[in-house]
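Visitor: Sharing a structure here in structure tokens format.
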Amino acid sequence: MNQNTICALATANGVGAIGIIRVSGDQSFEIVNKVFQGKDLTKVATHTVHYGYIVDADAEKSENQSHSVPHPDAENHVIDEVMVSVFKAPKTFTAEDSVEISFHGSPHIANKILEVLIKNGARMAKAGEFTMRAFMNGRIDLSQAESIADLIASENEASRKLALNQLKGGISSEISLLRGDLLNFTSLVELELDFAEEDVEFADRSAMNALLNRLENKLASLIESFQYGNAIKNGVEVAIIGKPNAGKSTLLNALLKEERAIVSDIAGTTRDTIEEVLHLNGNAFRLIDTAGLRETSDEIEKIGVVKAKEKVAKASILVYLVDANSTDISDDIQMLNELMRPDLKTIICLTKIDKAPDAAHSAGDPEYSGLLHQLRSGLSFSDFKLLKISALENRNLQQLKTELSSYVENLKTGENTVITNQRHYEALQKSLESVNRVKAAISQGIQTELLAYELRYALEHLGEISGEFTNDEVLGNIFSKFCIGK
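To convert a position in the sequence shown, counted from 1, into this note's numbering, add 355.
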């Protein structure tokens, strides 16, 4: 690990009330001291804040030079009036000596301060280097480091809570317990290898089978939680589909409570996809308004129809709109049958009920029985939710929102720890595969060498999650996704 002293802007780029520059490394105090006019930072207590000025002196301060606060007009090239916070190792984010400089939030001032820090011995931090140092110095494990990035990127309450739980070590605790139990048996099997000629068993095979069954159930439960975790972290894609003028754009606008999409009686108004995020009960739903599905000679509209079908293929929820005032919906039924997949939650909305007689709004009314009969008899699937709505008059939209929210709720597994990271998910899958191979090896009486190999493999994959087993390429890939300054 390169222990050069690093510096970077820790706040967002752009103009703001204040900005913060972070410095970390063995020479943090000495380097900042060279450009700070105020107290001598090498002599102050840890976790204290000090007032003064950052200056761009032509020469380094001599040991006898006073650190008294100068007047801003003094000829020492004052850059800004600042507050400097001092944090001594190991009780810091990186577990290294660290300094944070709070300055007036001008991008120009930020660049000037970074320039003088670099001129006096620091270097610019790479993306995620502060967090990587925290990991390398044992301050956090790898899953906690990744949760920091997730916390920064969280866009809703649910994803914030999950990321914070992982930062507190939720996943690490679960994995540590699994590895601890497995490690005990692995050690005994490894010991058997040392006494191979004596044909002894130190590891009770029945007890090992019981442990492997528990591991299998736990790993499977964690893996299953990934679908819920992914929905929370990245949001749920909802494709709003239907024939032209079925009311797709009107529905999008009504859900968002703003005029996001153009609404017109002219068929084919929407030719490209429009994507917006709707937050419901702390969860994010990525609503995708698509081009109307129909045969068309317009080349641009054709592209829109193709893109609409592509969006459905990737979506978790399909909201298909059917004009409730239609008499023949055979085209809609054909399209629904084409779009359907076993894992796709389907909500069919009969729209524009405001244009039908008032009596037709009640359930089971003859006005809609014909459409319902066509759906039931024509669809190749029966697992769908039928709603009657008017986006224009905001009728029954709460029912639609409830259906969207229920999708996320139904993904919950009862597991306290939820997997949100693709890398963790893949590591757990590989661990489960190894556990299953160990079980098969025991049942078949396979020799100890192969048993030990599979046990080590399972341990290694579990260790990948916390970073106990990893490589520079994986670490570089993970931390490169962080912003500079974090």
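Cβ coordinates follow ideal geometry from the N, Cα and C atoms, glycine included.
From the DSSP output, read off the bridge partner residues of L766.
Guide: Numbered from 1 along the sequence shown, position 411 holds the residue referred to as residue 766. DSSP output for L766 lists no bridge partner at all.
Visitor: Just to confirm my understanding: we take G733, look at its own chain, exclude 5 residues before and 5 after, and list those with CB closer than 6 Å. What are they?
Guide: Here residue 733 refers to the residue found at position 378 when the sequence shown is read from its first residue. Contacts found: I688.
Visitor: According to DSSP, simplified to helix, strand and coil, what is E592?
Guide: As a position in the sequence shown, residue 592 is number 237, starting the count at 1. In this structure, E592 counts as strand in the three-state DSSP scheme.
Visitor: Let me know the secondary structure DSSP gives H634 once reduced to three states.
Guide: Against the sequence shown, residue 634 aligns to sequence position 279. Three-state result, H634: strand.
Visitor: If you count every other CB in all the chains shown that lies within 10 Å of the CB of Y408, and 16 or more means buried, which is it?
Guide: On the sequence shown, residue 408 is found 53 positions in, with the first residue counted as 1. By the neighbour-count rule (16 or more Cβ atoms within 10 Å), Y408 is buried.
Visitor: Report the rounded CA-to-CA distance for S671 versus K740, giving the unit in angstroms.
Guide: Position 316 of the sequence shown, counting from 1, holds the residue named residue 671. Position 385 of the sequence shown, counting from 1, holds the residue named residue 740. Between S671 and K740, the C-alpha separation is close to 14 Å.
Visitor: By Cβ distance, which residues of its chain are closer than 7 Å to K756, with the 5 residues on each side in sequence left out?
Guide: Here residue 756 refers to the residue found at position 401 of the sequence shown. The answer, listed in chain order, is L635.
Visitor: Tell me F824's beta-bridge partners as DSSP assigns them.
Guide: Taking the sequence shown and counting its residues from 1, one reaches residue 824 at position 469. Its beta-bridge partners do not exist; DSSP assigns none.
Visitor: Just tell me which of D411, K767, S531 and S580 has its CA closest to the CA of Q392.
Guide: On the sequence shown, position 37 is the one that residue 392 refers to. Ranking the options by Cα distance to Q392, first place goes to D411.
Visitor: Between T701, H432, E631 and A500, which lies nearest to N832 when the distance is taken from Cα to Cα?
Guide: For the purposes of this step, residue 832 is taken as residue 477 along the sequence shown, with counting starting at 1. Taking only the C-alpha atoms, the option nearest N832 is A500.
Visitor: K398: buried (16+ other C-beta within 10 angstroms of its C-beta) or exposed?
Guide: The residue labelled residue 398 in the question sits at position 43 within the sequence shown. K398 comes out exposed.
Visitor: Return helix, strand or coil for E571, following the three-state DSSP convention.
Guide: By one-based count along the sequence shown, residue 571 stands at place 216. In the structure shown, E571 sits in a helix (DSSP, three-state: H, G or I).
Visitor: S514 bridges to which residues according to DSSP?
Guide: Here residue 514 refers to the residue found at position 159 of the sequence shown. Paired residues: none, contrary to the question.
Visitor: Taking the alpha-carbon positions, what's the L759 to G590 distance?
Guide: Mapped onto the sequence shown, residue 759 falls at position 404. Mapped onto the sequence shown, residue 590 falls at position 235. The alpha-carbon atoms of L759 and G590 are separated by roughly 12 Å.
Visitor: Just checking, does the segment 804 to 816 make contact with the segment 768 to 778 on the three C-beta pairs under 8 Å criterion?
Guide: The answer is no - the segment 768 to 778 does not touch the segment 804 to 816, with fewer than three Cβ pairs under 8 Å.
Visitor: Using a threshold of 8 Å, state whether the C-beta atoms of S514 and I587 are closer than that.
Guide: Within the sequence shown, residue 514 is the residue found at index 159, counting from 1. Within the sequence shown, residue 587 is the residue found at index 232, counting from 1. Yes. Within cutoff.
Visitor: Our contact map puts A601 next to A746 with C-beta atoms below 8 Å; I'd like the distance itself, whole angstroms only.
Guide: Position 246 of the sequence shown, counted from the start, is the residue given in the question as residue 601. Position 391 of the sequence shown, counted from the start, is the residue given in the question as residue 746. 10 Å between Cβ atoms; not a contact.
Visitor: Return the CA-CA distance between E851 and E545, expressed in angstroms with no decimal places.
Guide: Given a span of 356 to 841 for the chain in the structure shown, any question on residue 851 remains unanswerable.
Visitor: Would you say the segment 778 to 792 touches the segment 813 to 824, given that touching needs at least three Cβ pairs under 8 Å?
Guide: Output reads yes: the segment 813 to 824 touches the segment 778 to 792.
Visitor: Would you please state the rounded distance, in angstroms, between the beta carbons of I456 and I473? I believe it to be under 8 Å.
Guide: Taking the sequence shown and counting its residues from 1, one reaches residue 456 at position 101. Taking the sequence shown and counting its residues from 1, one reaches residue 473 at position 118. No, I456 and I473 are not in contact; Cβ-Cβ is about 13 Å, not under 8 Å.
Visitor: Can you name, in chain order, every residue of its own chain whose Cβ lies under 6 Å from the Cβ of L694, other than the five neighbours on each side?
Guide: The residue given as residue 694 occupies position 339 in the sequence shown. Counting only Cβ-Cβ distances below 6 Å, and skipping sequence neighbours, we find V667.
Visitor: Check whether the segment 673 to 680 touches the segment 692 to 710, taking contact to mean three or more Cβ pairs, one atom from each stretch, closer than 8 Å.
Guide: Segments in contact, yes.
Visitor: Nearest to G725 by alpha carbon, out of V387, R494, S685 and E512?
Guide: Working through the sequence shown from its first residue, we reach residue 725 at position 370. The shortest C-alpha separation from G725 is found at S685.
Visitor: Mapping DSSP to helix, strand and coil, what is D644?
Guide: Within the sequence shown, numbered from 1, the residue matching residue 644 stands at position 289. Three-state DSSP puts D644 in a strand.
Visitor: Output the boundary residues of the alpha helix (DSSP H) element that contains M690.
Guide: In the sequence shown, the residue the question calls residue 690 occupies position 335. Residues S685 to L694.
Visitor: What is the C-beta distance between I820 and S498, in whole angstroms, given that I count them as a contact (C-beta under 8 Å)?
Guide: Taking the sequence shown and counting its residues from 1, one reaches residue 820 at position 465. Taking the sequence shown and counting its residues from 1, one reaches residue 498 at position 143. About 5 Å separates the two Cβ atoms, so the contact holds.
Visitor: Go ahead and label D698 buried or exposed: buried means 16 or more other beta carbons lie within 10 angstroms of its beta carbon, across all protein chains shown.
Guide: One-based indexing of the sequence shown puts residue 698 at position 343. With fewer than 16 other Cβ atoms within 10 Å, it is exposed.
Visitor: Going by C-alpha to C-alpha distance, which of G476, F490 and K446 sits closest to T825?
Guide: Here the question's residue 825 lines up with position 470 in the sequence shown. Per the Cα distances, F490.
Visitor: Only counting the same chain, and skipping five residues up and downstream in sequence, which positions put a Cβ closer than 7 Å to that of H459?
Guide: In the sequence shown, counting from the first residue as 1, residue 459 sits at position 104. For H459, where only same-chain residues beyond five positions count, the Cβ hits under 7 Å are I373 and D435.
Visitor: When the Cα atoms are used, what is the spatial distance from R792 to M563?
Guide: As a working mapping, residue 792 is identified with position 437 in the sequence shown. As a working mapping, residue 563 is identified with position 208 in the sequence shown. So the alpha carbons of these two residues sit roughly 13 Å apart.
Visitor: Any idea what DSSP makes of D435, helix, strand or coil?
Guide: Here residue 435 refers to the residue found at position 80 of the sequence shown. In this structure, D435 counts as strand in the three-state DSSP scheme.
Visitor: Going by DSSP, name the residue or residues bridged to C362.
Guide: For the purposes of this step, residue 362 is taken as residue 7 along the sequence shown, with counting starting at 1. The partner list for C362 (beta bridge, DSSP) reads V378 and M479.
Visitor: Pull the bridge partners of C704 from the DSSP assignment, please.
Guide: By one-based count along the sequence shown, residue 704 stands at place 349. C704 is bridged to L676 and L742.
Visitor: Just to confirm the assignment, what range does the alpha helix (DSSP H) spanning T486 have?
Guide: In the sequence shown, counting from the first residue as 1, residue 486 sits at position 131. From DSSP, the alpha helix (DSSP H) with T486 extends over E484 to M491.
Visitor: Kindly list the residues whose CB is nearer than 7 Å to the CB of G822, restricted to its own chain and excluding five residues on each side of it in sequence; keep chain order.
Guide: Numbered from its first residue, the sequence shown carries residue 822 at position 467. The answer, listed in chain order, is F490, D496 and L497.
Visitor: Where does R626 fall in DSSP's three states?
Guide: Position 271 of the sequence shown, counted from the start, is the residue given in the question as residue 626. Note that R626 scores 43 on pLDDT, short of 50, meaning its location in the model is unreliable; the coordinates nonetheless yield the value given after this. Looking at R626 - three-state DSSP - the assignment turns out to be coil, as it is neither helix nor strand.
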